[in-house]
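Residue numbers (my numbering): 30 to 581.
Shown next, in structure tokens, is the structure this report addresses.
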RNA sequence: UGGGUUAUAGUGUAAUGGUAGCACUACAGAUUUUGAUUCUGUCCGUCUAGGUUCGAAUCCUAGUAACCCAACCA
């Protein structure tokens, strides 16, 4: 009866640790640096860390890795917290690496006292020169053998603000010939006279990542410290510090970060897109940021589901964005209220429907009765999509054409018998007759039609701006193409329809509501929308079998 | 070319010496008052070469490819 769900490699480790009694319960952490906005790659890490804790009855801390005051800001802290919450996760504790600055400082003093750390006066160039290369061993710094007393007083002076930025660093004494470059006397403290978003001007020396991250994990008793593959070379140092300082033995495990087709995922590149104006902002709906996806209309559930489906492993991957789109359609199909909107309108006149007459029709809000109904006004003049009419119908065309019959969704079957063209030769008006006995829900006409199209009553319709989004890049993996990734930006990633016609019920739309504009896709209200000027974003289109047919 | 990590359908991910499975994609069909949804089916895979074994994606040997590592970034 037991349902065998295979475990990823981290779950296996955890189950082993739990089974052996190594740990009673697990404690994970999500440790962003507050220097930018979270993106879908972070969502993978968030879902992993929080998901593991939930699955195994443990807890997860949110810890900001704020050891570089030059880059970090409270604005980012706030957005990160908002995004994690929105994704649906609750952290047990909100911590900051800066909470531990005193303790980390004393760890450094401990290392000095053990003769394992020294103050180095070398310039960055000198340090780099003595570092060697992956194929050549490094050489010891001339300052490597300073006495413990001298190091202690020098380090205290560094802390006291005696020196300028870059004048001195504290390094740990390991092995300048190590194969692992990170073990060649890594720098653990640098001087930075910068204002920190939390500690203000209290400190002018700050620990490096390697001397803050593992220490913070250990202080918090994190059992499983999960990070991405590029930190593998840091693990040896991570373990060295824990061992040498004799502190709680947190363990680091690494998984492959998420890459997705037709986008970029590095903070640096995303920042460039914003600052150089290729997108409007960090929360531009085309961005792979959590805030961008939220604004676009993605749901937390769909993102969590996506993260579940992509799996956790150690090999490089490039996930097809169509999987993300599948996840959001799957969720929105259940949640979105069905409404009608005409994006590229052409007038349809029902010549045998009395002028001035209107009637209220009942339309379903969703795929079954449980979604309820709403009233929609029908009248003689309607808007329909230009693309739903073909003067000379193609093969397998089910929609409107001269002489053809289609159903107007939730209304009547009509037959086209005439159309007008403007001076430019475009279809300007379509005339049809309706079949009164074919009324939706009370159809006694016994006519079967293959096509159903959506519509909006012209006299009742509201206008709205509709924004359609396409992939941001034309290359599957822009970062890996030749030249600058920005050369591959899709110039048509945003299409604005300034005046679409939408049904009046949409006046009550609120941020966070999800709609399916029948046959056109899933949409949501944009944050820039007002009652005077409604703005909708297309989250994702519907699958379109006809479009594929046309391509053939 | 020093060290590290990884190789399973188009894309991801399982199978822990015993029938290579699942999801997405693509394709075909059924249903449909959304050419949506739903349902059915099809195509397609163990990096290479040797070896061990009754039996290898899995173990061994030798290759090959991709990614990561020389920031006072994280």
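Here a beta-carbon is modelled for each residue, glycine too, at the ideal position from N, C-alpha and C.
Keep in mind it's a predicted model, so treat the numbers as computed, not measured.
Nearest in C-alpha terms to residue 46, of all of 483, 87, 193 and 239, is 87.
When DSSP assignments are scanned along the segment 236 to 275, the uninterrupted stretches of beta strand (DSSP E) that are 3 or more residues long and fall wholly within it turn out to be 253 to 257. With a beta-carbon spacing of about 4 Å, residue 361 and residue 551 fall inside the 8 Å limit used to define contacts.
Closest in alpha carbon position to residue 414, among 67, 548 and 194, is 548.
Residue 376 sits in a strand when the DSSP states are folded into three classes. Rounded to the nearest whole angstrom, the C-alpha separation of residue 513 and residue 286 is 22 Å.
When only Cα atoms are considered, residue 289 and residue 193 end up about 43 Å apart. Secondary structure at residue 70: helix, using DSSP grouped into helix, strand and coil. A buried status is given to residue 244, since no fewer than 16 other beta-carbon atoms sit within 10 Å of its beta-carbon.
Only residues of its own chain outside the window of five on either side were considered, and among them none has a CB closer than 7 Å to the CB of residue 511. Approximately 5 Å separates the beta-carbon atoms of residue 374 and residue 530; this is inside 8 Å, confirming the contact. Rounded to whole angstroms, the gap between the alpha carbons of residue 422 and residue 481 is 16 Å. The beta carbon of residue 239 sits closer than 8 Å to those of 211, 215, 217, 263, 266, 267 and 270, all from its chain and outside the five residues before and after it, given in chain order.
The C-beta distance from residue 81 to residue 43 rounds to 7 Å, short enough to meet the 8 Å contact threshold. In the three-state reduction of the DSSP assignment, residue 233 falls in the coil class. DSSP lists 429 as the bridge partner or partners of residue 418. Three or more Cβ pairs drawn from the segment 326 to 343 and the segment 57 to 77 lie within less than 8 Å of each other, which places the two stretches in contact. In the DSSP assignment, residue 566 is bridged to 496 and 553. Comparing C-alpha distances from residue 324 to each of 573, 248, 560 and 112 shows the shortest one belongs to 112.
Segment contact: the segment 196 to 210 against the segment 243 to 259, fewer than three CB-CB distances shorter than 8 Å; contact not assigned.
Counted as a single uninterrupted DSSP element, the alpha helix (DSSP H) harbouring residue 104 occupies residues 103 to 116. By the C-beta density criterion, residue 569 is buried, having at least 16 other C-beta atoms within 10 angstroms. Separation of the CB atoms of residue 539 and residue 554 is rounded to 7 Å, and the pair is thereby assigned contact status at 8 Å. The C-alpha of residue 259 lies about 22 Å from the C-alpha of residue 200. Within the same chain, 406 and 533 come within 6 Å of residue 489 by CB-CB distance, once the 5 residues on both sides are set aside. DSSP, reduced to helix, strand and coil, places residue 339 within a helical segment of the structure shown.
DSSP assignment within the segment 502 to 561 yields the following whole beta strand (DSSP E) runs of 3 residues or more, N-terminal first: 523 to 531, 544 to 546 and 550 to 554.
For residue 485, the secondary structure class from DSSP, reduced to helix, strand or coil, is strand.
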